[in-house]
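Enquirer: Let me give you the structure first, and then I'll get to my questions.
Protein chains: 2
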Amino acid sequence: MKWTHFSAPGAASAYGILEADDRIREVRGTPFGAHEPTGAVHKLAEVKIEVPLLPRTFYAAGLNYVKHIREYAQLTGNPVAEPKQADIGYRAVNALVAHDEAVVIPSDAKQVEYEGELVVVIGKQARHLSEADALSCVLGYTIGNDVSERLWQASDRTFWRSKNTDTFKPMGPWIETEFDLGAAETTVRLNGEVRTHFRTADMLFDIRTFISRMTHYLTLYPGDVIWMGTDGKSPQLKVGDVVEVEITGLGCLRNHFVAEAAGRKSTA
Amino acid sequence: MKWTHFSAPGAASAYGILEADDRIREVRGTPFGAHEPTGAVHKLAEVKIEVPLLPRTFYAAGLNYVKHIREYAQLTGNPVAEPKQADIGYRAVNALVAHDEAVVIPSDAKQVEYEGELVVVIGKQARHLSEADALSCVLGYTIGNDVSERLWQASDRTFWRSKNTDTFKPMGPWIETEFDLGAAETTVRLNGEVRTHFRTADMLFDIRTFISRMTHYLTLYPGDVIWMGTDGKSPQLKVGDVVEVEITGLGCLRNHFVAEAAGRKSTA
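What follows is the structure, given as structure tokens:
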């Protein structure tokens, strides 16, 4: 089942269930609590797809595929090998944008790259889950693009602007509750051409390992998300590029890259 | 004005304004939007103080006082000197607890310490603020205790469990909208005895610097918080300890430390 967060023209955003890949059956409520059909049905082509959810806590595995780890070591000049344990990291809600929204490249950004990632969406509050029970708290899965500025990633003490500049975290297009990770492949296309391709399950630490280890120390809540990391290397992106991240069974997250507008306005 | 988030016996939590340090004038709404008095007044002594807010994004300056930076370098064996620029970090909402709630020391934690910190609460959406205008987006200030397990902080690839284990982030007791940073001192008492004391304004990078630099790349939203870092060194905490963090004009955040209960229950 595909949970879609959308806005119909002139209406507030709502959740709905995608049917036959072209229409949305609107519900009152959310996937995380009580919900019932409103009776309204929308054509997918006539609504705006919104970010599937604003996470309560936005977790990210970071380095979690072997090829990508080697490239990261090369970037930082740090010969550190694979992480020895599943230590989760964080991204920030300000940076989220939806399917088909623009990623804005700041005027002082030099080396912007994509990272196509599987996203786990938590549906139930969970603590002290064994690896065997770990997936019991998962509502479903979506796609993320962990857009990164590599020079800031190397120079800064944290990932705040390299990873969390406004618009650097496309997520969507929807939450799929049925997913066969073992059969899934992640494909990233740049301007229509396949540039990155990997088996989605080729993780160093898998979803069960992360959830079990995390819930040993912390509570997962409905609306938390965990981005599972990426493999391979991205080319350097430029204004006008279109990046599509497709994961088997989950759909395709597409975003275009634009330049920061001149004459930025101070607001508060 | 002191914005207090509280629960009266048998009622849902609400915001109110603390008056004469002993009673709360309840409002309908929140400090971040429209609000009006409900007419109800509660005795402070008869309500439960709640976490002042669940931040939308939970920012933390981390290393931002010179003495603390030297001690951190000693801990990690890393001779890195002061940060060269104001790079903001993150903490996680799962870890928040309120004034007078317990901090739970996990059974496998070895070296737990306090960090008394000034917390900035954002009240207005803000982007591209100059240092001169930076404070225009601030609603007020509160107090945080950035409880940390130092061995995990040194061993793990991220601060996920060293800083964000459930209950490791006491925040409160309320949000004070009037604050004289220049006159403020931070005092931390352990079991009633002063153990740490520093000028709150002695930051390496001040609030204006952080907000201006952050909003060059990202949007701050109402309900974001920025924890400004700590100075000095904490003794090692143990079960039964009571830690009070007091900042001039903001009040006192008090929490007691307890052991993790045996027979933890798996939940999802």
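Line by line, the protein sequences give chains A and B.
According to the working numbering, the first sequence is numbered sequentially starting from 19.
According to the working numbering, the second sequence is numbered sequentially starting from 19.
The C-beta atom is built at its ideal place from N, Cα and C for all residues, glycine as well.
Please list, in chain order, the residues of the segment 101-126 of chain A that have any C-beta partner in chain B closer than 9 Å.
Expert: Correct list: Pro101, Lys102, Gln103, Asp105, Ile106, Gly107, Tyr108, Arg109, Ala110, Val111, Asn112, Ala113, Pro124, Asp126.
Enquirer: Pull out every residue of the segment 136-155 of chain B whose Cβ sits closer than 8 Å to any Cβ of chain A, in chain order.
Expert: For the segment 136-155 of chain B, which is checked against every Cβ of chain A, the residues closer than 8 Å are Lys142, Gln143, Ala144, Arg145, His146, Leu147, Ser148, Asp151, Ser154, Cys155.
Enquirer: Give the single residue among Val257/A, Met19/A, Tyr235/A whose Cα lies nearest to the Cα of lysine 128/A.
Expert: For lysine 128/A, the nearest C-alpha among the options comes from Val257/A.
Enquirer: Could you tell me the distance, in whole angstroms, from the CA atom of phenylalanine 76/A to the CA atom of valine 156/A?
Expert: Phenylalanine 76/A and valine 156/A: Cα-Cα distance of roughly 15 Å.
Enquirer: Run down chain B in chain order and give the residues with a C-beta less than 8 Å from the C-beta of asparagine 163/A.
Expert: Those do not exist, as asparagine 163/A stays about 17 Å from chain B at its closest Cβ, beyond 8 Å.
Enquirer: Which first and last residues belong to the alpha helix (DSSP H) in which arginine 175/B is found?
Expert: Segment: none, arginine 175/B is in no alpha helix (DSSP H) and carries neither H nor E.
Enquirer: Take the Cβ of glycine 28/A as the centre, count every other Cβ of all protein chains shown within 10 Å, and call the residue buried at 16 or more, exposed below.
Expert: Answer is exposed; the Cβ neighbour count stays below 16.
Enquirer: Is there at least one Cβ from chain A nearer than 8 Å to leucine 236/B's Cβ?
Expert: Answer yes: the Cβ-Cβ gap between leucine 236/B and chain A drops below 8 Å somewhere.
Enquirer: Quick check on the burial criterion: 16 or more other C-beta atoms within 10 angstroms. Buried or exposed for aspartate 242/A?
Expert: With 16 or more Cβ atoms within 10 Å of its Cβ, aspartate 242/A is classed as buried.
Enquirer: Does the Cβ-Cβ distance between glycine 162/B and valine 121/B come in under 8 Å?
Expert: It is not a contact, given that the beta carbons lie outside the stated cut-off.
Enquirer: Taking all protein chains shown into account, decide if threonine 94/B is buried (16 or more other Cβ within 10 angstroms of its Cβ) or exposed.
Expert: Looking at its Cβ environment, which holds fewer than 16 other Cβ atoms inside 10 Å, threonine 94/B is exposed.
Enquirer: Pair every Cβ in the segment 50-66 of chain A with every Cβ in the segment 216-232 of chain A, then say whether three or more of these pairs are closer than 8 Å.
Expert: In short, these stretches do not touch, since the Cβ pair count stays below three.
Enquirer: So what does DSSP say about histidine 146/A, is it helix, strand or coil?
Expert: If DSSP states are grouped into helix, strand and coil, histidine 146/A belongs with coil.
Enquirer: Mind checking threonine 56/B: buried by the 16 CB within 10 Å criterion, or exposed?
Expert: Its Cβ having fewer than 16 others within 10 Å, threonine 56/B is exposed.
Enquirer: Shorter than 8 Å from the beta carbon of arginine 217/A to some beta carbon of chain B?
Expert: Not an interface residue.
Enquirer: Does lysine 187/B pass the burial test, meaning 16 or more other C-beta atoms within 10 Å, or should it be called exposed?
Expert: With 16 or more other Cβ atoms within 10 Å, it is buried.
Enquirer: From which residue to which residue does the alpha helix (DSSP H) around methionine 232/A run?
Expert: Taken as a continuous stretch (DSSP letters only), the alpha helix (DSSP H) holding methionine 232/A covers 225-235.
Enquirer: How many whole angstroms separate the CB atoms of isoleucine 67/A and glycine 190/A, which I take to be in contact at a CB cut-off of 8 Å?
Expert: Indeed they touch by this definition, with Cβ atoms about 6 Å apart.
Enquirer: Would you kindly report the start and end of the unbroken alpha helix (DSSP H) that includes arginine 88/A?
Expert: It spans 84-94 - the alpha helix (DSSP H) in which arginine 88/A sits, taken as one unbroken run.
Enquirer: Helix, strand or coil: how does DSSP classify arginine 282/B here?
Expert: Coil at arginine 282/B, not helix or strand.
Enquirer: Does DSSP put valine 111/B in a helix, a strand or coil?
Expert: Valine 111/B: helix per DSSP, three-state reduction.
Enquirer: Are the beta-carbon atoms of aspartate 249/A and aspartate 220/A separated by less than 8 Å?
Expert: Yes, these two residues count as a Cβ contact at 8 Å.
Enquirer: For glycine 158/B, collect the residues of the same chain with a Cβ closer than 6 Å to its Cβ; drop the 5 residues on either side in sequence, then sort them by chain order.
Expert: Cβ neighbours of glycine 158/B beyond the five flanking positions: Val139, Ile193, Glu194, Thr195.
Enquirer: Below 8 Å, can you find three or more Cβ-Cβ pairs linking the segment 105-113 of chain B to the segment 178-186 of chain B?
Expert: Because the criterion of three Cβ pairs below 8 Å is met, the segment 105-113 of chain B and the segment 178-186 of chain B touch.
Enquirer: Kindly indicate if chain B contains any beta-carbon less than 8 Å away from that of threonine 248/A.
Expert: Taking Cβ atoms only, chain B never reaches closer than 8 Å to threonine 248/A, which makes this a no.
Enquirer: Going along chain A, which residues have a C-beta under 8 Å from serine 284/B?
Expert: Those are Arg145, His146, Leu147, Ser148, Asp151, listed as they occur along chain A.
Enquirer: Thinking just about the alpha-carbon of each residue, which of Thr218/A, Lys283/A, Pro124/A is nearest to the one in threonine 160/A?
Expert: Of the listed residues, the one whose Cα sits closest to threonine 160/A is Thr218/A.
Enquirer: Output the distance between the C-alpha atoms of alanine 277/B and aspartate 259/B, rounded to the nearest integer angstrom.
Expert: Cα to Cα, alanine 277/B sits roughly 11 Å from aspartate 259/B.
Enquirer: Quick one: using the 10 Å Cβ neighbour count with 16 as the cut-off for buried, is serine 148/B buried or exposed?
Expert: With fewer than 16 Cβ atoms within 10 Å of its Cβ, serine 148/B is classed as exposed.
Enquirer: So is arginine 88/B in contact with chain A if we call contact Cβ pairs under 8 Å?
Expert: Not closer than 8 Å to any Cβ of chain A, the Cβ of arginine 88/B fails to qualify, so no.
Enquirer: Which class does glycine 241/A belong to by DSSP, given the choice of helix, strand or coil?
Expert: Coil, per DSSP.
Enquirer: What three-state label does DSSP hand lysine 181/A in the structure shown?
Expert: The answer is helix: DSSP assigns lysine 181/A an H, G or I state.
Enquirer: On the criterion of 16 or more Cβ atoms from any shown chain inside 10 Å, does glutamate 100/A qualify as buried, or is it exposed?
Expert: By the neighbour-count rule (16 or more Cβ atoms within 10 Å), glutamate 100/A is not buried but exposed.
Enquirer: Since glycine 247/A contacts asparagine 82/A with CB under 8 Å, what's their CB separation in whole angstroms?
Expert: 3 Å between Cβ atoms; contact.
Enquirer: By the DSSP assignment, the beta strand (DSSP E) with glycine 162/A in it spans what residues?
Expert: That run of the beta strand (DSSP E) goes 156-163.
Enquirer: From which residue to which residue does the beta strand (DSSP E) around leucine 36/A run?
Expert: Residues 32-37.
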